[in-house]
Each structure stands twice: as C-alpha cells, then as structure tokens.
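Beneath this line is the structure, given in structure tokens, with notes to follow.
There are 2 protein chains.
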Amino acid sequence: MNKKMLIGLSFGAGYGSQPGAWRMPWVNPTSFADFDIMVKQAQTAERGKLHFLFLPDGFGTLVDIESVPPMTSLDVMMTLAAVARETKHIGLLATGSTTFNEPYNLARQFKALDVMSHGRAGWNAITSSTNDAAANYGVTIPSSEERYGRAHEAILLIQALWGSWGRNAWIHDQASGKFANKDQILPINLQGKFVGARGPLYIPPSEQGQPIIVHAGGSPNAHQLGGRFADVVIGSAFTIEDARSQRQAFRDAAEGYGRNPDDIKFFAGLMTTITKDRRTALDRRILLTEKEIPQRVAYLQSMLRIPLSIEELGRPLSELQLSNARPSPYDPRSAHALKIAKEGWSLRDIIAHGVIDYHPVIVGSGIEAADHMQAWFEAEAADGFWISTDVYADGIDAFVDEVVPILQERGLFHKEYEGRTLRENLGIQDQYGIDPRIVSTQKY
Amino acid sequence: MNKKMLIGLSFGAGYGSQPGAWRMPWVNPTSFADFDIMVKQAQTAERGKLHFLFLPDGFGTLVDIESVPPMTSLDVMMTLAAVARETKHIGLLATGSTTFNEPYNLARQFKALDVMSHGRAGWNAITSSTNDAAANYGVTIPSSEERYGRAHEAILLIQALWGSWGRNAWIHDQASGKFANKDQILPINLQGKFVGARGPLYIPPSEQGQPIIVHAGGSPNAHQLGGRFADVVIGSAFTIEDARSQRQAFRDAAEGYGRNPDDIKFFAGLMTTITKDRRTALDRRILLTEKEIPQRVAYLQSMLRIPLSIEELGRPLSELQLSNARPSPYDPRSAHALKIAKEGWSLRDIIAHGVIDYHPVIVGSGIEAADHMQAWFEAEAADGFWISTDVYADGIDAFVDEVVPILQERGLFHKEYEGRTLRENLGIQDQYGIDPRIVSTQKY
Ligand SMILES: Cc1cc2nc3c(=O)[nH]c(=O)nc-3n(C[C@H](O)[C@H](O)[C@H](O)COP(=O)(O)O)c2cc1C
Ligand SMILES: Cc1cc2nc3c(=O)[nH]c(=O)nc-3n(C[C@H](O)[C@H](O)[C@H](O)COP(=O)(O)O)c2cc1C
Chain A
1 MNKKMLIGLS FGAGYGSQPG AWRMPWVNPT SFADFDIMVK QAQTAERGKL HFLFLPDGFG
61 TLVDIESVPP MTSLDVMMTL AAVARETKHI GLLATGSTTF NEPYNLARQF KALDVMSHGR
121 AGWNAITSST NDAAANYGVT IPSSEERYGR AHEAILLIQA LWGSWGRNAW IHDQASGKFA
181 NKDQILPINL QGKFVGARGP LYIPPSEQGQ PIIVHAGGSP NAHQLGGRFA DVVIGSAFTI
241 EDARSQRQAF RDAAEGYGRN PDDIKFFAGL MTTITKDRRT ALDRRILLTE KEIPQRVAYL
301 QSMLRIPLSI EELGRPLSEL QLSNARPSPY DPRSAHALKI AKEGWSLRDI IAHGVIDYHP
361 VIVGSGIEAA DHMQAWFEAE AADGFWISTD VYADGIDAFV DEVVPILQER GLFHKEYEGR
421 TLRENLGIQD QYGIDPRIVS TQKY
Chain B
1 MNKKMLIGLS FGAGYGSQPG AWRMPWVNPT SFADFDIMVK QAQTAERGKL HFLFLPDGFG
61 TLVDIESVPP MTSLDVMMTL AAVARETKHI GLLATGSTTF NEPYNLARQF KALDVMSHGR
121 AGWNAITSST NDAAANYGVT IPSSEERYGR AHEAILLIQA LWGSWGRNAW IHDQASGKFA
181 NKDQILPINL QGKFVGARGP LYIPPSEQGQ PIIVHAGGSP NAHQLGGRFA DVVIGSAFTI
241 EDARSQRQAF RDAAEGYGRN PDDIKFFAGL MTTITKDRRT ALDRRILLTE KEIPQRVAYL
301 QSMLRIPLSI EELGRPLSEL QLSNARPSPY DPRSAHALKI AKEGWSLRDI IAHGVIDYHP
361 VIVGSGIEAA DHMQAWFEAE AADGFWISTD VYADGIDAFV DEVVPILQER GLFHKEYEGR
421 TLRENLGIQD QYGIDPRIVS TQKY
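Protein chains in written order, with the UniProt record's numbering: chain A, 1 to 444; chain B, 1 to 444.
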C-alpha cells in the first residue's frame with residue numbers, strides 16, 4: 001500500500017482544544033494575543049511535516065469569557081499572514097464565511113495569502129449557521145436555502161476572480177515595458193441572485209495557481225457544496241462507520257458533479273493528549289478539565305441514562321450502574337462512553353478519556369494515536385486527520401515527537417514535504433485560469 | 001517653536017508613485033508580489049523615524065495593465081501584518097472602505113493589526129466613490145448621502161466594538177482561573193439605518209487602546225466626517241493657501257463636534273525625486289515618465305491653453321507662447337506650470353518638474369524638499385506631510401538620507417520615536433472603552 005495519510009493541525013485561539021489549557025502553569029496566559037508564540041507553534045507543526053494548519057472562524061460569541069478564552073484567533077487572515085512569512089512548507093487554511101463576507105474581499109485576501117506564502121493557501125468556504133454569528137452583522141441568520149445558494153455563487157465567483165489572470169499573464173518585462181498580457185486577464189461579469197462582481201482581480205497567480213477549497217459541514221447541503229467545489233473536507237465523525245459514510249457522501253456528490261471522487265480528501269477529526277502512558281495522560285487531562293467536571297458528570301448521566309454523583313468521582317461504576325446503563329441514541333458518543341466505563345476506570349477517569357469531547361480522543365501514548373489513525377486510514381474512513389491537541393504549548397510537540405515518527409516508520413506518513421506548494425503536498429492539481437465550464441467571459 | 005512636523009510615507013503597490021518605476025533597471029520587476037522587498041522598504045522608512053506608512057486601497061481597476069502595475073498592494077491588511085512583525089516603531093495605516101466592508105470584519109482586522117503591532121494601527125475610513133470600485137461588488141455606487149450616512153454609522157460602530165473590552169478587562173489570572181472581567185466587556189447593541197452589530201468584539205485592548213481614525217477626502221461631507229472622527233487627515237493640496245483652508249475646514253468641523261481642533265492632524269501630500277541636484281533629478285524623472293510624455297504634452301497644452309508640440313520637447317517655450325499662455329482656471333496646477341515654464345526650462349524639463357502630478361513635487365536636492373516642508377509647516381498649512389517617493393527601491397532611502405537629516409538639524413523633525421505606540425508618537429490620546437457619548441450599552 002503506497003498511499004499515505006494526510007495530517008492537518010487545528011489551530012484556533014492561542015491555547016489549545018481544552019478549555020483549561022490557558023490555566024496550565026507551563027502556558028503563557030497571554031498566548032491569545034502573542035504572535036511570537038503562534039508562529040513558534042506553527043513552526044513546530046512544520047517540523048512534524050504536517051500538511052496544514054486549519055484556523056476555524058466565525059464563532060463570535062464569548063461563551064463564559066470569565067473563565068474560557070475566545071474560540072478563534074484574533075483574526076485568521078492576519079495570523080496566517082504572520083505565519084506565512086515565518087514558515088516555508090506548511091499549508092495555511094482558514095475559514096471565511098460565505099454568508100457574512102463580500103466575495104471580492106475574501107477573494108483578494110486569500111489570493112494575497114497564496115502569493116505571500118508561495119502557494120500554500122486554502123479557503124474553508126462554509127455557511128455561517130447561528131444567530132450569534134449573525135448578530136455581529138446586525139441581522140438574523142438566513143434560511144439554509146439562502147445560505148447555501150449564496151455559498152455556491154460566492155465560491156464560483158471567487159474561483160473565477162482567482163483565475164482572472166491566466167498562467168502567463170504577468171510578464172513584467174522591463175526591456176519592452178510590457179507589464180502584463182491583457183489578453184490573458186479576463187473580467188468575470190458574474191451576477192447571481194445573491195452576489196456579483198465584474199472583475200478581474202488585480203492579483204497574478206501564485207506558485208500553485210490559486211488557493212484550494214475546503215469545506216466543513218455535515219448536512220446534505222454541505223455534501224453537495226463540498227462535492228461540487230472542495231479539495232479538502234474537514235470532517236467530524238465518532239466511528240469508522242460514520243466517517244466512511246460521510247466520506248462516501250462527499251465522494252458521491254463529487255461524482256455527481258462530474259469529478260473524480262479521489263480529488264476530494266476527507267479529513268477525520270482527532271483530539272490528542274499524548275504522554276508516555278495512559279495514566280499520565282489521564283492525569284494531565286484531569287488537570288485540564290478540573291473546572292468542567294461537575295457539568296461533565298451531569299452530561300455523562302444523560303448519555304448513559306443512569307444517575308451519577310460527583311461524590312463518586314474516584315470510584316468505577318458499580319455492577320448495577322453498568323447493567324442499568326442504556327446508551328442514549330441521541331448522542332453518538334454514548335456507546336463508546338459505556339465501553340470505557342466497562343473497562344473499570346473511575347468516573348473521573350472515564351470523563352478524562354474524553355468521552356464527551358467533539359471528536360474521538362486519544363489520551364495515552366503515541367502508539368495509541370498511531371494505531372487509531374492506522375485503523376481508520378486502512379478502513380478507508382478518512383484520507384487524513386486533523387488533530388486538535390489539548391494544549392498548544394507542548395501538545396503540538398508531543399504529537400510531532402511521539403506520533404509522527406511511528407506513522408513514518410510504518411510507512412503511513414511522508415518523511416518530507418513532496419513539493420513546494422500545498423497542492424503538490426496534498427496531491428491536488430494546480431488550477432490556473434477560469435474554468436470554462438464555470439463562467440463565460442469576454443475581454444474587458 | 002517647539003512643535004515638530006509629522007511625516008508619513010505613501011506605500012502603495014510595490015514600485016513607487018511614478019508609472020515607470022517598475023521598469024527601472026535597478027528595480028526588481030516582481031516587487032508587486034514580493035513581501036521581502038515590501039518589508040525591507042518599510043524598514044527603511046522606520047530607519048528614517050517616519051511616523052507611519054499609509055496604504056491606499058480600493059482602486060480595483062486595472063488602468064492600462066499592459067504597461068502600468070495595479071495601484072494598490074496585493075492586500076493592504078496582509079501586507080501590514082507582514083510589516084508589523086518585522087518593524088518595531090512605525091505606524092501602520094490602511095484604507096478600508098466603509099462602503100464595501102462589513103463593519104464587524106473591518107473592526108476585527110484593524111484591532112488584530114493593532115494588537116500584533118503593539119499599538120501601531122490606524123484605519124483610513126473613507127467612502128468609496130467610483131462605479132469601478134462598486135462593480136467589484138456587483139453594484140453601482142450609492143449616493144453621497146447614503147455613503148456618508150453609512151460611513152458615520154460604521155465608524156461609530158467600529159469604535160464601539162474596539163472599545164467593548166475595557167482597559168483592564170483582560171485578567172488572564174491562572175491561579176484564580178479568571179480569564180476576563182465580564183463587567184468590563186460590553187455589548188454595543190447598535191442598530192443604525194445602514195449597519196448594525198450586537199458585539200462585544202472578542203479582542204482585548206492594544207498598547208494604545210485601539211487604532212486611530214484617519215480620513216481622506218475633500219468634500220464638505222468629508223470635512224464633517226473627518227471633523228467628527230479623524231485623528232489624522234490625509235490631504236491633497238497644491239498651494240499653501242489651499243492647504244490652509246482645507247486644514248481649517250477640518251479643524252472647524254472638529255470644533256463643531258466639540259473637539260479640540262489640535263486633535264486633528266492635517267497631512268499635506270508631497271511627491272519627491274531626490275538626488276544630488278536639480279539636473280540629475282530632472283533626468284531621473286524623464287527616464288521614469290518616458291512613455292507618458294506625449295500624453296502629458298497634450299495635457300499641459302490644455303493647462304496653459306497654448307498649442308504645444310512633441311517636436312519641441314528639447315526647447316524652452318518661446319516668448320510668444322509664454323505671453324499667450326493663460327493658466328486654466330479648471331486646474332489648480334496651471335499657475336505653477338506657467339511659473340516653471342517662465343524659468344526657461346525645456347518643454348521636457350517642465351513636464352519632468354512634475355507639474356501634472358497629484359501633489360506638489362520636489363525634483364531636486366534634499367534641501368529643496370526640506371525648504372518646501374518648512375515653508376508649509378511654518379505657514380500652518382499642515383501638521384505634517386505624507387510623502388510619495390518616485391521609486392520605492394531607492395526613493396525611500398533618498399528621502400530618509402537626504403531630507404530627514406536636514407529637517408532634524410533644523411529642529412523641525414524628531415530624532416527618535418517619542419513613545420511606544422502610534423498615538424504616543426503622533427501626540428494623540430489613548431482610547432480605552434466605549435465613549436459614553438457615542439453609545440449606551442447594557443451588560444450582555
Ligand atoms: C469540522 C467542522 C468544522 C467547522 N468549522 C466551522 C468554522 O470554522 N466556522 C463556522 O462558522 N462554522 C464551522 N462549521 C459549521 C458548518 O460550516 C456549518 O455551518 C454547520 O455544520 C451547519 O451546517 P448546515 O447548515 O449545513 O446544517 C464547521 C463544521 C464542522 C463539521
Ligand atoms: C489624499 C486622498 C487619499 C485617498 N485615498 C483613498 C483610498 O485609499 N481609497 C479610496 O477608495 N479612496 C480614497 N480617496 C478618495 C476619497 O476617500 C473620496 O472617495 C473621494 O475624495 C470622493 O469623496 P466625496 O464623495 O466626498 O466627494 C482619497 C482621497 C484623498 C483626497
């Protein structure tokens with residue numbers, strides 16, 4: 001088996017995926033606003049040959065700001081501009097809402113990032129879906145139909161703007177005084193129901209032509225949007241079966257749009273707390289989630305549908321509790337939570353296994369993470385993984401030093417970046433010019 | 001006289017203010033897309049202790065792209081993010097259209113720039129005014145009333161978002177687990193006729209609190225907008241009288257809004273070609289504008305209202321031509337053009353004096369530039385100047401090495417940055433929290 005897995009790193013606000021990350025004594029508590037620290041962490045990911053950083057965006061509410069930091073970086077594009085200048089190989093992906101941005105503004109920022117990083121940019125083209133996000137723009141959230149209608153138009157339009165300078169349009173020949181070849185610079189003249197632009201954009205192609213398209217979402221609408229446009233899908237699945245069916249849904253949609261399904265890469269999420277062994281890792285996670293324990297006990301109770309008490313944190317569940325437990329069909333994590341409980345861990349340790357987190361969680365040694373990734377990859381549940389480490393300050397290093405080498409030894413992960421650009425490293429074709437199927441243009 | 005003049009640098013697309021800059025043999029013809037070069041040029045400006053870089057934006061059309069580069073940088077915010085990381089003192093100003101941006105998006109990008117630069121950001125809050133700019137957004141340009149109505153609301157709203165974290169709101173105390181003080185984080189709940197947002201923003205104050213406000217524009221509407229909000233006005237005037245009256249108009253408007261008129265700093269434009277003497281400078285400029293000569297001869301003809309011929313480029317105007325010349329009342333540069341012509345320069349040299357450029361032009365030695373600036377400054381025509389150098393590759397160095405030391409010797413320009421932040425260096429008060437006159441807030 002020659003195919004290798006792809007790995008990206010979730011890179012949100014400056015602390016890590018666990019709410020308590022900022023409180024850890026070895027963490028600089030001002031990391032949220034410290035670009036030196038962000039750049040250093042990005043360089044660590046690059047040391048591990050990870051394919052990309054992924055910066056989520058658009059969760060503009062301050063949930064529990066008294067104790068929990070904001071969930072996104074100060075500004076995803078400004079952060080990536082800084083990182084672009086101080087890294088060489090790693091891909092730079094950020095979310096940009098199609099719902100609350102003017103396409104022309106998104107187009108030029110991502111293309112500028114692509115040029116300044118020498119071909120390493122990717123745009124996660126999502127629809128915003130909450131009234132909390134909408135409130136930042138003084139509106140309520142549009143219907144799903146409108147949001148996805150606008151998203152399709154916005155991506156078409158942005159890709160056309162990106163392609164409005166042909167591959168060899170920029171001549172910059174001083175002797176003849178010819179700056180650009182106008183015949184290869186096309187307007188786009190797109191006017192849709194939701195968005196429009198005349199174009200052309202004023203930015204020449206990057207080393208990979210233009211940024212890649214990423215999508216993240218699980219609804220049938222998301223499958224269609226991703227299937228039509230996405231090179232990369234940032235997924236979220238708790239089981240191999242779930243991931244396989246999500247991956248298939250995107251592949252089917254891609255085929256429906258006349259694409260080769262292998263041209264859409266599905267990334268499953270994985271959260272990690274990597275230390276030398278399971279016990280140490282559980283203790284680290286207990287420290288990290290100390291303040292969330294009561295709330296998590298209550299939630300686990302509803303997942304297993306048995307009474308649980310904060311008084312019993314130190315004890316395993318009783319025989320009676322285990323036999324009364326009925327995994328909730330409303331939460332896909334319930335069966336796994338019960339499985340961990342049956343292994344005899346204390347209530348505190350069950351929770352520390354991350355059974356209530358947003359993705360599968362590895363709390364243990366590098367081998368455990370590598371085994372999980374290998375199993376999923378070989379079952380064709382994912383083309384790759386996006387990793388959310390618990391605490392950026394040392395969790396990225398832990399992944400890079402403890403997991404990556406094992407995957408490399410097993411022949412599952414590359415030892416070097418294959419090419420110069422993100423497209424080359426992901427095995428995605430370059431994209432130059434405007435796709436003639438998308439849009440018909442005239443000279444401007 | 002203790003007051004010193006302020007100096008900023010125009011920093012557009014990567015070549016310089018003259019259309020031929022990119023063609024010069026000592027210029028890298030790919031500077032437009034080369035962030036290493038942009039950063040180096042910014043560092044030169046900082047070496048000269050200039051107060052800020054100013055990046056215009058929003059001229060999205062490609063005028064004559066066959067021979068002339070685009071007029072703005074790839075993306076003003078991405079460029080400034082790169083520059084912020086690799087400079088320490090210089091202010092970072094960019095245009096952000098209030099007409100074609102969502103206020104929340106502008107707010108977070110400029111605040112992020114302010115935080116990452118440790119308090120050096122400024123926002124040039126203008127209204128877009130051309131259908132060419134509007135076409136990038138699939139619309140036509142709104143009426144002046146609408147544009148300025150939206151601009152007032154947008155600035156109010158953005159300043160409120162910037163101030164939504166009070167000065168000491170961010171606690172980040174690991175021991176107590178208190179990340180922020182919610183009592184000092186306020187929503188804004190602004191809903192205007194054109195824009196709205198609930199807030200709060202998720203970004204803590206920078207070292208100067210929040211970015212400064214800049215404005216550029218000459219209409220009565222612009223005076224009102226600038227008078228109400230601007231700390232800095234980027235102006236454009238051809239004579240001392242003109243500059244004085246513009247400066248006064250902004251000062252009067254500021255007073256009308258209850259502000260101290262000294263809190264609004266008026267910057268006059270100045271274009272420079274600085275070499276050891278006038279003759280060398282004229283020759284440099286002739287080289288730079290070679291391709292534009294025929295077009296400029298035609299334009300000069302309409303300014304002086306006498307027939308001129310491209311055949312006579314090498315000769316001064318005749319007695320007859322000079323006595324027939326009638327400076328056009330429609331172009332404020334005409335009288336100055338005639339004055340230069342009467343000095344006996346050849347037609348080619350008259351044009352090389354920059355008589356058809358967008359601002360007063362110094363083509364000559366550092367002393368000539370210093371004399372001009374001193375005269376304007378002492379006549380209270382300007383609080384400072386924003387300089388457009390002919391060719392960035394060596395024109396910024398020429399200004400820094402030949403003009404700045406003279407101004408410093410004359411006691412007209414500082415020898416060191418006074419403070420840590422842009423506000424400190426410009427003598428503008430810090431701004432923390434939401435101005436209570438602006439907006440009434442409740443806890444969220
Ligand atoms: C893995 C993953 C990552 C996502 N990242 C973001 C994000 O960064 N910003 C955002 O606003 N929404 C993000 N979303 C939300 C989706 O884009 C989408 O709004 C949501 O899934 C609801 O979609 P629906 O309207 O199709 O049901 C993400 C979703 C998933 C599954
Ligand atoms: C010195 C100066 C700089 C300007 N810079 C910009 C700019 O960067 N981007 C832009 O779109 N407009 C810029 N403008 C244009 C003005 O903001 C404004 O749109 C124009 O003056 C018309 O304004 P009015 O509608 O008030 O007449 C600038 C104007 C001046 C005088």
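For every residue, glycine included, the Cβ atom is placed at its ideal position computed from N, Cα and C.
All values reported here derive from a predicted model rather than from experimental measurement.
query                                                                                                                                                                           : result
Determine the closest residue to Y330(A) out of Y299(A), R348(A), P29(A), with distance taken between C-alpha atoms.                                                            : Y299(A)
What is the DSSP secondary structure of T289(B), reduced to helix, strand or coil?                                                                                              : coil
Check whether the region 409-429 of chain A touches the region 16-30 of chain B, taking contact to mean three or more Cβ pairs, one atom from each stretch, closer than 8 Å.    : no
How would you call A160(A), buried or exposed, if buried means at least 16 neighbouring beta carbons within 10 angstroms?                                                       : buried
To the nearest angstrom, how far is the alpha carbon of L320(B) from that of S346(B)?                                                                                           : 15 Å
Starting from the beta carbon of F179(A), find every residue of chain B whose beta carbon is closer than 8 Å, and list them in chain order.                                     : W22, I65, E66, S67, V68, P69
What does K193(B) reach in chain A if we use C-beta pairs closer than 7 Å?                                                                                                      : Correct list: empty, because the minimum Cβ distance to chain A is about 11 Å.
Can you check which of these residues, K49(A), T79(A), S97(A), is closest to F59(A) by C-alpha distance?                                                                        : S97(A)
Looking at A370(B) and I406(B), is the spacing between their C-beta atoms short of 7 Å?                                                                                         : yes
V115(B) by DSSP, collapsed to three states: which one?                                                                                                                          : helix
Where does G433(A) fall in DSSP's three states?                                                                                                                                 : coil
For A133(A), tell me which candidate among H118(A), T99(A), E66(A), E145(A) has the shortest Cα-Cα distance.                                                                    : T99(A)
How many Å lie between E241(A) and A335(A) at the Cα?                                                                                                                           : 14 Å
For H359(A), which residues from the same chain have a beta carbon less than 7 Å from its beta carbon, with the 5 sequence-adjacent residues on both sides left out?            : S236, G269, L270, M271, S388
With a Cβ-Cβ cutoff of 7 Å, do T95(B) and P56(B) count as a contact?                                                                                                            : yes
Assign T130(B) to buried or exposed, taking buried as 16 or more other Cβ atoms, counted over all protein chains shown, within 10 Å of its Cβ.                                  : exposed
Evaluate T421(A) with the Cβ neighbour count: other Cβ atoms within 10 Å of its Cβ, from every protein chain shown; 16 or more gives buried, anything less gives exposed.       : buried
Could you tell me if A363(B) is buried or exposed, where buried requires 16 or more neighbouring beta carbons within 10 angstroms of its beta carbon?                           : The question names Ala, yet the displayed sequence has Val at residue 363(B). It counts as buried.
With hydrogens ignored, establish whether the beta-carbon of G122(A) is closer than 6 Å to any heavy atom of ligand 1.                                                          : no
Consider the Cβ of P19(B): report whether some Cβ of chain A lies at a distance smaller than 7 Å.                                                                               : no
Report whether the distance from the Cβ of N101(A) to the nearest heavy atom of ligand 1 is below 6 Å.                                                                          : no
For I286(B), collect the residues of the same chain with a Cβ closer than 7 Å to its Cβ; drop the 5 residues on either side in sequence, then sort them by chain order.         : R348, A352
Among all residues, which have a Cβ less than 7 Å from at least one non-hydrogen atom of ligand 1, and in what chain order do they fall?                                        : P56(A), D57(A), G58(A), F59(A), T95(A), S97(A), N124(A), I126(A), T127(A), S128(A), S129(A), A133(A), S144(A), R147(A), A216(A), G217(A), G218(A), S219(A), N221(A), A222(A), I234(A), G235(A), S236(A), G269(A)
Of the residues L93(B), I90(B), G119(B), A125(B), which one's Cα is nearest the Cα of N101(B)?                                                                                  : A125(B)
If you measure from the beta carbon of D401(A) to each beta carbon in chain B, is any gap under 7 Å?                                                                            : no
At what residues does the alpha helix (DSSP H) containing F35(A) begin and finish?                                                                                              : 35-47
State yes or no: is the beta carbon of F52(B) nearer than 7 Å to at least one beta carbon in chain A?                                                                           : no
On the DSSP letters alone, give me the boundaries of the beta strand (DSSP E) that K342(B) sits inside.                                                                         : First-last for K342(B): 334-342, but that is the alpha helix (DSSP H), not the beta strand (DSSP E).
Give me, in chain order, the residues of the same chain whose beta-carbon lies closer than 8 Å to that of P200(B); leave out the 5 immediate sequence neighbours on both sides. : L161, S164, W165, I185, L186, P187, I188, Y444
Secondary structure at A375(B), three-state DSSP: helix, strand or coil?                                                                                                        : helix
Would you mind stating whether A13(A) and F32(A) have Cβ atoms separated by less than 7 Å?                                                                                      : yes
So, for Q408(B): in the same chain, excluding its five sequence neighbours on each side, which residues have a beta-carbon less than 6 Å away from its beta-carbon?             : K415
Restricting to Cα atoms, I'd like to know which of L6(B), V63(B), W22(B), P332(B) is closest to I90(B).                                                                         : L6(B)
Could you confirm whether any beta carbon from chain B is found closer than 7 Å to the beta carbon of E361(A)?                                                                  : The displayed chain sequence assigns Val, not Glu, to residue 361(A). Taking Cβ atoms only, chain B never reaches closer than 7 Å to V361(A), which makes this a no.
Three or more C-beta pairs under 8 Å: does that hold for the region 189-199 of chain B against the region 225-232 of chain B?                                                   : no
Residues bridged to M271(B) by DSSP?                                                                                                                                            : V361(B), S388(B)
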